[in-house]
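Before any comments, here is the structure.
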Amino acid sequence: MFRNVAELVALAESKQVKIAEVMIQQEIEVTGLTREEIIEKMDRNLTVMEQAIERGLKGVQSFSGLTGGDAVLLQKYIKSGNSLTGTILLDAVSKAVATNEVNAAMGTICATPTAGSAGVVPGTLFAVKEKLNPTRMEMIEFLFTSAAFGFVVANNASISGAAGGCQAEVGSASGMAAAAIVELAGGTPAQSAEAMAITLKNMLGLVCDPVAGLVEVPCVKRNAMGASNAMTAADMALAGIKSKIPCDEVINAMYLIGQSMPSALRETAEGGLAATPTGKRLEKEIFG
Amino acid sequence: MKYRSAFDIIGPIMIGPSSSHTAGAARIGRVARTLFGKEPKKAVISLYGSFAKTYKGHGTDVAIVGGLLDFDTFDERIPQAIQLADQAGIEIEFIVENLVTDHPNTVRIHLFDDEKELDVVGISIGGGTIEITELNSFKLKLSGEYPAILVVHQDRYGVISGVTNILAKYQLNIGHMEVSRKEKGNMAMMVIEVDQKIEDIVIQEIESLPNITQTIRMVE
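So the protein lines, in turn, are chains A and B. Counted from 1, the first sequence has number 12 at position 12 by the UniProt record's numbering; the numbering is strictly sequential. Counted from 1, the second sequence has number 13 at position 13 by the UniProt record's numbering; the numbering is strictly sequential.
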């Protein structure tokens, strides 16, 4: 069983396989399930992700009324041809938003790694799909590669906002997505690790401050920024740029930052945006 | 290693918006129902900490009731669970508690019907993962993730080895086991998590042992 990113990359390099394959092999060993069963299980997750994006792009509203409809606005804006950033980048953002809006509206999603951060991995996957034309199996592998990096973060730091702030949720999701994008685009395992490191570095310190305690504001827009962060870092890694701080050290830094964060900034809705006058007003409007 | 599977990271498939407040809550409700063994007639649900503060916005209430109706985390009927419970003739009562508990996401579920009642305390520890920490005032630690049996028995010598011998006979490997008792010589409980599916014959043999009061099987 790999314990950190260095071991994960070394395993992929020595066996000359993708990181996805290392994760699949480990899953077979740990669960005792067959390869076919494991692939099928991930295939179901992929289907749920695809359906959530489709639903979100048609437009949903949450019960609180705080979120919904932004994915639709973004798609219209992309189609207008006036967007300043690239179409794929904005498509990833809109699909991440779509997924998280469906989540906020109590729709069906796949936690990746949590529900609050469920938009980033599918958002980026279904955006790069348009350019890279992956097979269904390559898309499933994208999720296993994401899982491999998330597995390291979960076991060495945290993927929970309550434990480590939003850096642990959207930050982890973004790093996972960046690593998987690199692999799907033909990068090396080492480049995947660089992309993960670059992404997570830029998410460090991100607090978890949900308005009214709900997974909506600022969560939906943080999924958007997480997706764009992942896309940019993936391109940087594919360009040959390296992180000066190795990936495992970045993950450990994230863990230590989370540990030193006051509890007001860890999903308690007592600090940050939740504590602003507008945040308090919205809380009162929703819960009385 | 806290997490062992790729599907702990990518998954579960669930109804939003929160893996801990919605999916975890649904799982606790479902484990409570499994432990009760059937659909209850009445449920008193006490919410603590973050569950108490944000349950309406997160659908924690409908998720727990969905679990009591045996719905999985991804069941699309979860948002309507309270109406569905009402239609099924199940009485539901929510109590918002102010007490501070060890874990911020804690719920106590008290289930009744004409014959029996059951009291379960569960915590949602993140990413949809849960632990059952109390059953009828017995302290325990049960994830609900692996096949498990709960054996209520008299605190006598040889009872534990009697049970484990039967598990060995059917080649069931124990992954986690704990024993707790209220008083020496009195009522005690074993919680045994195993790696394989537990067949009916195993339960029957355990129940036929002396000093066994009740055996509950947790289904995967």
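Don't be surprised by glycine CBs; every beta carbon is placed ideally from N, CA and C. Computed from a prediction, not measured in an experiment: that's the story for all the values here.
Exercise. If you follow the alpha helix (DSSP H) that A/V220 is part of, which residue opens it and which one closes it?
Worked result: One-based indexing of the first sequence puts residue 220 of chain A at position 220. Residues 219-238.
For this session: Assign A/E37 to one of two classes, buried (16 or more other C-beta atoms within 10 Å of its C-beta) or exposed (fewer than that).
Result: As a working mapping, residue 37 of chain A is identified with position 37 in the first sequence. Classification for A/E37: exposed.
Problem set entry | N-terminal and C-terminal residue of the alpha helix (DSSP H) that B/H103 is part of | The residue you call residue 103 of chain B lines up with position 103 of the second sequence. It is not in any alpha helix (DSSP H) - B/H103 carries neither H nor E in the DSSP assignment.
For this session: Could you tell me which chain B residues have their CB closer than 7 Å to the CB of A/P134, listed as they occur along the chain?
Result: Taking the first sequence and counting its residues from 1, the one referred to as residue 134 of chain A is at position 134. The premise fails here: A/P134 is roughly 16 Å from chain B at the closest Cβ pair, so nothing lies under 7 Å.
Problem set entry | Same chain only: Cβ atoms within 7 Å of A/S158, ignoring 5 sequence neighbours per side | Numbered from its first residue, the first sequence carries residue 158 of chain A at position 158. The beta carbon of A/S158 lies closer than 7 Å to those of G164, A168, Y255, G258 in the same chain, with the five residues before and after it left out.
Problem set entry | Cα-Cα separation between A/I286 and A/P210, rounded to whole angstroms | Residue numbering aside, residue 286 of chain A sits at position 286 when the first sequence is read from its first letter. Residue numbering aside, residue 210 of chain A sits at position 210 when the first sequence is read from its first letter. Going from the Cα of A/I286 to the Cα of A/P210 covers about 13 Å.
For this session: Identify, in the order they occur along the chain, each residue of the same chain with its Cβ nearer than 6 Å to the Cβ of B/N211, setting aside the five sequence neighbours on each side.
Result: Walking along the second sequence from the start, residue 211 of chain B turns up at place 211. Excluding residues within five positions, the ones whose Cβ falls inside 6 Å are H153, Q154, R156, V159.
Exercise. In this structure, does DSSP put B/Y146 in helix, strand or coil?
Worked result: Here the question's residue 146 of chain B lines up with position 146 in the second sequence. If DSSP states are grouped into helix, strand and coil, B/Y146 belongs with coil.
Exercise. What do you get for B/H176, buried or exposed, if any count of 16 or more other CB atoms within 10 angstroms of its CB means buried?
Worked result: If you number the second sequence from 1, residue 176 of chain B lands on position 176. Exposed, since its Cβ has fewer than 16 Cβ neighbours within 10 Å.
For this session: For the alpha helix (DSSP H) holding residue 298 of chain A, just list the boundary residues, first then last.
Result: Given a span of 1 to 288 for chain A in the structure shown, any question on residue 298 of chain A remains unanswerable.
For this session: Could you check if B/R77 is buried or exposed, using at least 16 other CB atoms within 10 Å of its CB as the buried criterion?
Result: The residue labelled residue 77 of chain B in the question sits at position 77 within the second sequence. B/R77 comes out exposed.
For this session: Indicate the three-state DSSP secondary structure (helix, strand or coil) for A/I78 in the structure shown.
Result: Within the first sequence, numbered from 1, the residue matching residue 78 of chain A stands at position 78. Helix at A/I78.
Exercise. Taking any Cβ of chain A, which residues in the region 35-61 of chain B have a Cβ under 9 Å from it, in chain order?
Worked result: S50, K53, T54, K56, G57, H58, G59
Exercise. Which residue spans inside the region 112-156 of chain A form an unbroken alpha helix (DSSP H) run of at least 4?
Worked result: When DSSP assignments are scanned along the region 112-156 of chain A, the uninterrupted stretches of alpha helix (DSSP H) that are 4 or more residues long and fall wholly within it turn out to be 120-132, 136-156.
For this session: Give me the Cα-Cα distance between A/F151 and A/T276, rounded to the nearest whole angstrom.
Result: Position 151 of the first sequence, counted from the start, is the residue given in the question as residue 151 of chain A. Position 276 of the first sequence, counted from the start, is the residue given in the question as residue 276 of chain A. Going from the Cα of A/F151 to the Cα of A/T276 covers about 35 Å.
Problem set entry | Nearest-angstrom Cα separation, counted from A/K244 out to B/E220 | Here residue 220 of chain B refers to the residue found at position 220 of the second sequence. Here residue 244 of chain A refers to the residue found at position 244 of the first sequence. Only weak support exists for where B/E220 lies, its pLDDT of 49 falling under 50; the value from the coordinates is given anyway. Taking the straight line joining both Cα atoms gives about 45 Å.
Exercise. What is the DSSP secondary structure of B/L167, counted as helix, strand or coil?
Worked result: Taking the second sequence and counting its residues from 1, the one referred to as residue 167 of chain B is at position 167. Three-state result, B/L167: helix.
Problem set entry | Paired residues, beta bridge with B/R217 - DSSP | The residue labelled residue 217 of chain B in the question sits at position 217 within the second sequence. Bridge partners of B/R217: B/I149.
For this session: Please list the partners that A/P113 has in chain B, where partner means a Cβ-to-Cβ separation under 7 Å.
Result: Position 113 of the first sequence, counting from 1, holds the residue named residue 113 of chain A. Chain B residues near A/P113: I9, G127.
Exercise. Using a Cβ-Cβ cut-off of 6 Å (strictly less than) and excluding sequence neighbours within five positions of A/A52, which residues of its own chain qualify?
Worked result: On the first sequence, residue 52 of chain A is found 52 positions in, with the first residue counted as 1. Hits under 6 Å: T99, V102, I109.
Exercise. Which value, in whole angstroms, describes the spacing of the CA atoms of A/G107 and A/R281?
Worked result: In the first sequence, the residue the question calls residue 107 of chain A occupies position 107. In the first sequence, the residue the question calls residue 281 of chain A occupies position 281. One C-alpha to the other measures close to 26 Å.
Exercise. Using CA coordinates, which residue listed in B/L150, B/Q204, B/E145, B/T129 is at the minimum distance from B/N136?
Worked result: Reading the second sequence from its first residue, position 136 is the one you call residue 136 of chain B. Checking every option, the nearest Cα to that of B/N136 belongs to B/L150.
Exercise. Based on Cα-Cα distance, which residue from A/A111, A/V30, A/V22, A/N82 lies nearest to residue 315 of chain A?
Worked result: Residue 315 of chain A lies beyond the stretch modelled for chain A, which goes from 1 to 288, so this question has no answer here.
Problem set entry | Close-in-space but distant-in-sequence residues of the same chain around A/E27 (CB under 6 Å, 5 per side omitted) | Here residue 27 of chain A refers to the residue found at position 27 of the first sequence. Cβ neighbours of A/E27 beyond the five flanking positions: I38.
Exercise. Are the beta-carbon atoms belonging to A/L143 and A/G175 less than 7 Å from one another?
Worked result: Along the first sequence, read from residue 1 onward, the residue named residue 143 of chain A stands at position 143. Along the first sequence, read from residue 1 onward, the residue named residue 175 of chain A stands at position 175. No; because the gap between Cβ atoms is not below 7 Å, this pair is not in contact.
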